[in-house]
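Input: a single structure, listed below in structure tokens.
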Amino acid sequence: MTERRPRTYSTKAIVIGQRDYVDSARIITILSPEFGKREIVARGLLKPKSRLAGHLEPGTYCQLEIAVGRNLDIIREAQTIEMFREARSDLQSLTIFLYALDLADKFSLEDTGGELFNPLLTVIQRIAGGYPHSVSIRSFEFELLDSSGFRPVLDQCIHCGSDVPAEDAVWSPTDGGVVLKQCLDNVQRVSSISSRALKVLRAYQEWDFDQLVTIAVDSSLELELSSVMHDLMKTVLERELKSANLVEEVRWWQVSNDHVTKPN
Amino acid sequence: MGTESESERYLISGSRETKSPITRLVNSFHSLPGIGPRSAQRLAYHILRSPDALARELAESLIEVKENIVLCRDCQNLTVDVLCLVCMDSSRDSTVVCVVEEPLDVTAIERTGDFTGLYHVLHGVISPRMGIGPEDIKIQELLSRVHAPTSNIAEVIVATNPSTEGEATAMYLSRIIQDAGTKVTRLARGLSTGSDLEYADIDTLGRALQNRHVM
Ligand SMILES: [Zn+2]
Ligand SMILES: [Zn+2]
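Chains Y and D, in that order, are what the protein sequence lines are.
Going by this note's numbering, the first residue of the first sequence is number 25, and it counts up by one from there.
Going by this note's numbering, the first residue of the second sequence is number 9, and it counts up by one from there.
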């Protein structure tokens with residue numbers, strides 16, 4: 025018996041990205057709360073008069089009317105609910121915005137990941153809403169790690185289980201947590217982590233967002249946190265993340281600009 | 009890939025032997041970007057019905073392209089010489105450089121007849137999700153051009169597509185080029201978001217170019 029599928033369906037979704045398809049059509053990757061991550065065809069999208077144009081840009085929260093296709097489904101109607109203009113207004117926000125979309129993409133498989141919809145929408149709203157980018161994106165990273173079973177161990181040594189004082193900790197992205205210095209030989213790749221970075225990460229893992237935004241993080245600490253977390257995300261996903269590299273490159277410019285005084 | 013069975017419908021039907029010359033031709037067309045199975049079949053049958061001269065011309069030009077086309081030393085556009093025709097033309101204004109994503113965008117802007125400066129072709133756009141960072145497109149080449157001791161470039165017009173990735177690339181370029189003290193401008197709004205320069209009509213594109221604004 026063949027299962028009868030409805031010929032069209034509608035869903036709210038966040039556009040994760042686009043790629044080339046035939047002629048002026050593009051393949052759109054969406055994340056929907058009901059259907060998870062899905063690739064859908066948008067016909068004629070690249071033409072200036074397309075009805076869909078502007079509603080399917082990466083990061084757009086939209087209402088979609090979709091027709092079931094033989095292979096890929098086809099977008100009939102797209103209506104923007106929110107395009108998060110503020111998150112696109114400067115390079116730093118935009119690179120973090122693209123990084124969040126990339127993470128949502130890489131952490132979900134075809135037709136799964138619906139549970140990531142709300143966390144993704146929340147982080148985008150925060151990036152656009154003027155909350156500190158670093159807190160917004162770190163919270164999202166921790167949520168992704170928790171939901172995929174890669175919650176890092178930040179209090180106990182991943183080798184022997186003893187409590188780890190922040191001052192004695194070494195960080196192992198491959199083993200997903202901290203190790204005591206005396207247990208170093210038992211883990212794969214290790215890198216150093218400052219005690220204040222570890223303390224902040226512990227807070228990110230435990231505290232509510234409202235409390236987290238009250239933590240003062242200077243730019244050097246922020247850079248350390250992002251490099252530790254980007255490294256962890258790449259290790260968990262077992263792949264390079266160009267979006268993370270771009271965030272760091274752009275953030276570095278900003279920080280070096282803040283510190284460099286103009287030569288006479 | 010999701011298009012397999014659609015491909016099969018168009019590519020294999022009408023031919024019993026899978027390796028027949030016509031099937032081979034259809035499949036070759038279909039392997040090109042932007043050519044769907046239907047278009048591939050239409051093109052193949054068009055060639056079949058056309059005079060022999062067309063087929064010969066096509067075959068020869070395909071081989072010539074592969075053997076002789078290189079990237080222009082200065083602007084990275086496609087050319088048969090060290091420099092392309094635009095870069096060689098001394099009547100063009102070398103103080104203005106228009107940065108585009110693809111060679112086809114150069115053709116689109118040339119059609120407006122409004123632009124007399126030079127070009128720079130990035131061969132892509134920053135698209136981190138697809139694994140394309142700034143280091144993967146011709147940005148370094150652009151910087152070398154702007155920074156060259158002999159450079160008289162006063163303005164760089166960023167004419168990447170009005171899409172999210174096009175904007176990200178524009179902002180990135182604006183930042184690194186302005187550090188070098190060169191004015192950076194962006195095409196005016198008016199091209200609809202998410203559309204491709206390649207499909208824009210000549211008037212709209214010409215206006216967007218004329219009404220460009222400082223980034
Ligand atoms: Zn231990
Ligand atoms: Zn040239």
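For every residue, glycine included, the Cβ atom is placed at its ideal position computed from N, Cα and C.
Going down the chain, each residue whose beta-carbon is closer than 6 Å to a heavy atom of ligand 2 shows up: Cys80/D, Asp82/D, Cys83/D, Asn85/D, Leu91/D, Cys92/D, Val94/D and Cys95/D.
In this structure, Tyr85/Y and Leu145/Y form a Cβ contact; the two beta carbons are roughly 7 Å apart against a cut-off of 8 Å. Leu199, Ser200, Thr201, Gly202, Ser203 and Asp204: these are the residues of the segment 188-204 of chain D whose beta carbon lies less than 8 Å from some beta carbon of chain Y, given in chain order. Counting only unbroken stretches of 3 or more residues, the beta strand (DSSP E) elements lying wholly within the segment 139-177 of chain D are 163-166, in sequence order.
The distance from the Cβ of Leu168/Y to that of Leu127/Y is about 6 Å, consistent with a contact at the 8 Å cut-off.
Counted as a single uninterrupted DSSP element, the beta strand (DSSP E) harbouring Gly201/Y occupies residues Gly201 to Leu204.
In the three-state DSSP reduction, Glu134/Y falls in the strand class (E or B). Nearest to Glu58/Y by alpha-carbon distance, out of Gln87/Y, Leu70/Y and Asp44/Y, is Gln87/Y.
Proximity of Lys61/Y to chain D, defined by a Cβ-Cβ separation below 7 Å, is not satisfied. The contact set of Gly132/D on chain Y, defined by CB atoms closer than 9 Å, is empty, because the minimum CB distance reaches about 11 Å. Secondary structure of Ser158/Y (DSSP, three-state): helix. Leu125/Y has no beta-bridge partner at all, per DSSP.
Against chain Y, the beta carbon of Met96/D has no neighbour under 8 Å; the closest one sits roughly 32 Å away. With contact defined as three or more Cβ pairs closer than 8 Å, the segment 149-156 of chain D and the segment 196-215 of chain D are not in contact. The beta carbon of Leu115/Y falls within 7 Å of a beta carbon belonging to chain D, placing the residue at that interface. Identification of residues in the segment 103-132 of chain Y having a C-beta nearer than 8 Å to some C-beta of chain D yields Arg112, Asp114, Leu115, Leu118, Thr119, Leu122, Tyr123, Leu125, Asp126 and Asp129, given in sequence order. Counting only unbroken stretches of 4 or more residues, the alpha helix (DSSP H) elements lying wholly within the segment 206-278 of chain Y are 219-230, 233-236 and 243-261, in sequence order. In the DSSP annotation of this structure, the continuous segment of the beta strand (DSSP E) that includes Thr35/Y starts and ends at Thr32 to Asp44.
Close CB contacts of Leu245/Y within its chain, under the 8 Å cut and outside five residues either way in sequence, are with Ser218, Arg220, Ala221 and Val224 (chain order). In the DSSP assignment, Ala208/D falls outside any beta strand (DSSP E) and carries neither an H nor an E. The beta-carbon of Val46/Y is placed less than 7 Å from the nearest beta-carbon of chain D. By the Cβ neighbour-count rule, Asn219/D is exposed, with fewer than 16 other Cβ atoms within 10 Å of its own. Under the 7 Å criterion on CB atoms, Met179/D is classed as interfacial with respect to chain Y.
Per DSSP, the beta bridge partners of Arg194/D are Val166/D and His221/D.
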